[in-house]
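Novice: Numbering (the numbering used here), first residue to last: 1 to 238.
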Amino acid sequence: MPKDFIAELLGDWSAEINVWSMLLKVVIAIIFSAIIGQERAKKRHAAGLRTFMLVSIGAVLSGVSDIYLIEKYNVGIPLISAALIIGIAIISCNAILFSSKNQLKGLTTAVCLWVSSIISVALGLGMYTVFIIGAIALILSLMIFPNLEMHFKERSNHFEMHLELNSRNSLREFMDTIREFGITVNDIEINPAYANTGLGVYSLIVTVKDEKLKNKTHDEIIDLLASLECVHYIEQIK
């Protein structure tokens, strides 16, 4: 295995299996997972600080174990790391849920767990440079790019909304009205969670075509639609 650039700077001990290299990797993994975990916990996601720490520590140890197997028994591929990444992918998929408003929940956190495990495996295998590049990219993706993403979304003519009508019979009236406003419905799904409430509850993806409405924010368009008599409640799905 070729030497990592940062491992060369640290010394031969960092690329070997010993107490100090393992301690260094675990400490780095804890710091990395604490940064990612607190960001997720701050936004009240199910997988928080402890979950990310456990995943990162386990991934580091699996990488170290694979180095041992490769060097001691000439194993061709990192079997333990591969099994761990597949396991985390399965766990992450099971953590993705649909909310009562038919909104996908937990996707970003699930992907973060999976990516964190891959990055931490790289650390365990002694690829410090790969780990640092991956960690910085993940942290930037979570803490900086969401604001940029929101900026572009707010200026898009396409957006999704959660709609509650006073009655299912009001759907035609609502559709006719928004067409008059210059809003096209691209997709509509009924939400079965509200089947026994008497309300007509839907998730809609719409496109704003009217030039005057294009100059309005999504919140202003939602306020306009909320003023309709047939609408019980409406909000944008972000």
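Positions of the beta carbon are idealized from the N, C-alpha and C atoms, including for glycine.
Here the structure is a predicted model, which is why all the values come from computation and not from measurement.
With DSSP as the reference, please indicate the residues paired to Thr207 in a beta bridge.
Specialist: Beta-bridge pairing links Thr207 to His158, Thr184.
Novice: What is the rounded straight-line gap between the Cα of Ser100 and the Cα of Leu165?
Specialist: Because the pLDDT at Ser100 is just 47, under 50, the model does not fix this residue reliably, and the value given afterwards should be weighed accordingly. For Ser100 and Leu165, the distance between alpha carbons rounds to 15 Å.
Novice: So, is Cys112 buried or exposed, given that buried needs 16 or more other C-beta atoms within 10 angstroms?
Specialist: Cys112 comes out buried.
Novice: Considering only DSSP beta bridges, list what Glu189 is partnered with.
Specialist: Beta-bridge pairing links Glu189 to Ser203.
Novice: Suppose the cutoff is 7 Å on Cβ atoms and the five residues either side in sequence are ignored; what does the same chain contact list for Thr177 look like?
Specialist: Result list for Thr177: Leu228, in chain order.
Novice: Provide the residue(s) that pair with Leu163 in DSSP beta bridges, ordered along the chain.
Specialist: In the DSSP output, where bridge partners are listed per residue, Leu163 has Tyr202, Ile234.
Novice: For Asn169, which residues in the same chain have their Cβ closer than 8 Å to its Cβ, ignoring the five residues on either side in sequence?
Specialist: Same-chain partners within the cutoff: Gly200.
Novice: Kindly indicate which three-state DSSP category Glu229 falls into: helix, strand or coil?
Specialist: Reduced to three states, the DSSP call for Glu229 is coil.
Novice: Quick check on DSSP: helix, strand or coil for Ala195?
Specialist: In the structure shown, Ala195 sits in coil (DSSP, three-state: anything other than H, G, I, E or B).
Novice: Just reading off the alpha helix (DSSP H) that Gly22 is part of, what are its end residues?
Specialist: The question names Gly, but residue 22 in the sequence shown is Met. Start and end: 19-42.
Novice: Is it right to say Leu61 is buried, meaning 16 or more other beta carbons lie within 10 angstroms of its own, or is it exposed?
Specialist: Buried.
Novice: Could you compute how far the alpha carbon of Ala83 sits from the alpha carbon of Asp210?
Specialist: Taking the straight line from one Cα to the other gives about 52 Å.
Novice: With three or more C-beta pairs closer than 8 Å as the rule, is the stretch 138-146 touching the stretch 47-56?
Specialist: The stretch 47-56 vs the stretch 138-146: no contact.
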